[in-house]
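Enquirer: The opening residue of the sequence shown carries number 8 in our numbering; numbering runs sequentially from there. Even glycine gets a Cβ: it sits at the ideal position worked out from N, Cα and C. First the structure, then my questions, so here it is.
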Amino acid sequence: MRQKDEFSESAESRAKWDAMGLEEQESELRESLSHFKASVDAWSEAMISRPRTAREVIVRRSWRVAAGWTLGCALLAGTISGGVYEQRQKQEQARVAAVREAEHQRQLAAERAREEEDLLAKVDSDISRQVPDAMEPLASLMAEDDSK
Numbered sequence: 008m009r010q011k012d013e014f015s016e017s018a019e020s021r022a023k024w025d026a027m028g029l030e031e032q033e034s035e036l037r038e039s040l041s042h043f044k045a046s047v048d049a050w051s052e053a054m055i056s057r058p059r060t061a062r063e064v065i066v067r068r069s070w071r072v073a074a075g076w077t078l079g080c081a082l083l084a085g086t087i088s089g090g091v092y093e094q095r096q097k098q099e100q101a102r103v104a105a106v107r108e109a110e111h112q113r114q115l116a117a118e119r120a121r122e123e124e125d126l127l128a129k130v131d132s133d134i135s136r137q138v139p140d141a142m143e144p145l146a147s148l149m150a151e152d153d154s155k
C-alpha cells in the first residue's frame, strides 16, 4: 500500500506542480498578449501619423476625369458642328436650286413672250392688208402700170 501512497502522493505533487506551472504560464501568456497589444497599438499609431500618398491618387484620378470631360466635350462639339455644317449645306443647296428654278422660269417666260410676239406678228400680218378695201381697185391698176 505504500506504493499506492507514493503514487498518489506523487500525483498530488504533480498536480500542485502543474497548478503552479499553469499560473506561471498564464502570467507569461498575459504578459505576451499585453506586449503584442502594445506593439499593435504602436503600429496603428505610426500608420495614422505617417504622411499620406492619397494626393497622388487624387491628382491622377482628377487628371483622368478632366481628360474624359475634355474628350467628351470635343466629341459633342464635333457632333454639333457637323450637324450645323450639314444644315448649312442643305440651305445652300436649296438656295442654289431656287436660283436655278427662278432662272428656268424666267427663260420659260421669255420664250413664251417671244412665241406670243411671233404669234401676234403673224396674226397681224395675216389680218392686215397692204391696201385698204376701198383702194383695192386702184392698187390693181397701179400694179398693171408697173408691169408695163
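Kindly indicate which three-state DSSP category R59 falls into: helix, strand or coil?
Expert: Reading the sequence shown from its first residue, position 52 is the one you call residue 59. Three-state result, R59: coil.
Enquirer: Could you give the distance in angstroms between the alpha-carbon of M54 and the alpha-carbon of S69?
Expert: Numbered from its first residue, the sequence shown carries residue 54 at position 47. Numbered from its first residue, the sequence shown carries residue 69 at position 62. Using only the alpha carbons, I get a separation of about 26 Å.
Enquirer: Output the distance between the C-alpha atoms of S123 and V106, rounded to the nearest integer angstrom.
Expert: By one-based count along the sequence shown, residue 123 stands at place 116. By one-based count along the sequence shown, residue 106 stands at place 99. In the sequence as displayed, the identity of residue 123 is Glu instead of Ser. E123 and V106: Cα-Cα distance of roughly 25 Å.
Enquirer: DSSP state of S135, grouped into three classes?
Expert: For the purposes of this step, residue 135 is taken as residue 128 along the sequence shown, with counting starting at 1. Here S135 sits in coil by DSSP.
Enquirer: Quick one: Cα of V130 to Cα of A120, how far?
Expert: For the purposes of this step, residue 130 is taken as residue 123 along the sequence shown, with counting starting at 1. For the purposes of this step, residue 120 is taken as residue 113 along the sequence shown, with counting starting at 1. Near 15 Å, if we compare the C-alpha coordinates of A120 and V130.
Enquirer: Alpha carbon to alpha carbon, how far is P58 from G85? Give it in angstroms, no decimals.
Expert: To locate residue 85, count along the sequence shown from 1; it is residue 78. To locate residue 58, count along the sequence shown from 1; it is residue 51. Approximately 44 Å between the Cα atoms of the pair.
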